[in-house]
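Numbering (UniProt numbering), first residue to last: 1 to 264.
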């Protein structure tokens, strides 16, 4: 005679002080959300056993294999929170008053992109752009190209064969529209979009210890602790991401990866 039992086991728990926290829809589109403190990685499962009258407890396998990352996010950013929370919120931006910049100087080398000092809050290319080399007005697409980098800043680069020689300084006039506010709206959207969650710790030599959970959703709602006015610590946001098996990945690789350069 025997009877089946399951026992929740904490198979491993890794703690380290601070690390970079990244979240994204997949491993190729991770967004750096800033630093986290007091980070804990935890792996759990239900251990399946059979209790036998003549052989004692026999372990037969595991079920509900899961993992989690938790810690205190050091920076409050509404876009960050919306990314972590997997699509249950709406994020809106409110445009501010357009501002005009005159005579901003940029030195161009080869075809390297140079970032302008100001950006549109919407992450688009600034408007009403005039670029001059001395007294000569340059032509967009012929002498230079404008684009937007990953942080939403407008960048300028010279084109091969144009009027700009590597090392030339050009001056720009343009108009940009900053954001005046953001609105974070929640309630009524009840389906999480799973995220890839990653924490990376670097040692003094720049070697990393990295943990990636492939299919994670947030646990619990927002809990923002605001510091006293004269306190040194920033406002902290506790975050916990719980990971479950990603069946789209190969068996044996569906939950998490630990990548270690520090212990080699």
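Glycine residues also receive a C-beta, built at the ideal position from the N, C-alpha and C atoms.
Check	Outcome
Identity of the residues DSSP links to residue 260 by a beta bridge	209
Buried/exposed call for residue 158, threshold 16 Cβ in 10 Å	buried
Per-residue DSSP class, three states only, for residue 67	strand
Residue 110 versus 131, 169, 68, residue with shortest Cα-Cα distance	169
DSSP-derived helix/strand/coil call for residue 251	coil
Boundaries (first-last residue) of the alpha helix (DSSP H) holding residue 83	78-84
Proximal residues to residue 257 (C-beta, below 6 Å), its chain only, five neighbours per side dropped	212
Rounded separation between residue 57 and residue 25 - CA only	42 Å
Under the three-state DSSP convention, the category residue 246 falls into	coil
Run of the beta strand (DSSP E) containing residue 172, from where it starts to where it stops	169-176
First through last residue of the beta strand (DSSP E) which encompasses residue 37	31-52
Under the three-state DSSP convention, the category residue 62 falls into	strand
Residue 23 CB to nearest heavy atom of the ligand GDP below 8 Å	Ligands in the displayed structure: none, and consequently the ligand GDP is not present.
Per-residue burial, residue 22 [other beta carbons within 10 Å of its own, 16 or more giving buried]	buried
Reference residue 173; option with closest CA among 138, 155, 131, 210	131
Beta-bridge partners of residue 181, as assigned by DSSP	94
Cβ-Cβ distance between residue 123 and residue 87 below 9 Å	no
Segment contact, 8 Å Cβ cut-off, at least three pairs: the stretch 50-70 with the stretch 30-42	yes
Which residues DSSP lists as bridging residue 23, in chain order	31, 197
Those residues which DSSP pairs with residue 56 across a bridge	52
Three-state secondary structure (DSSP) of residue 216	strand
Terminal residues of the beta strand (DSSP E) in which residue 101 lies	99-107
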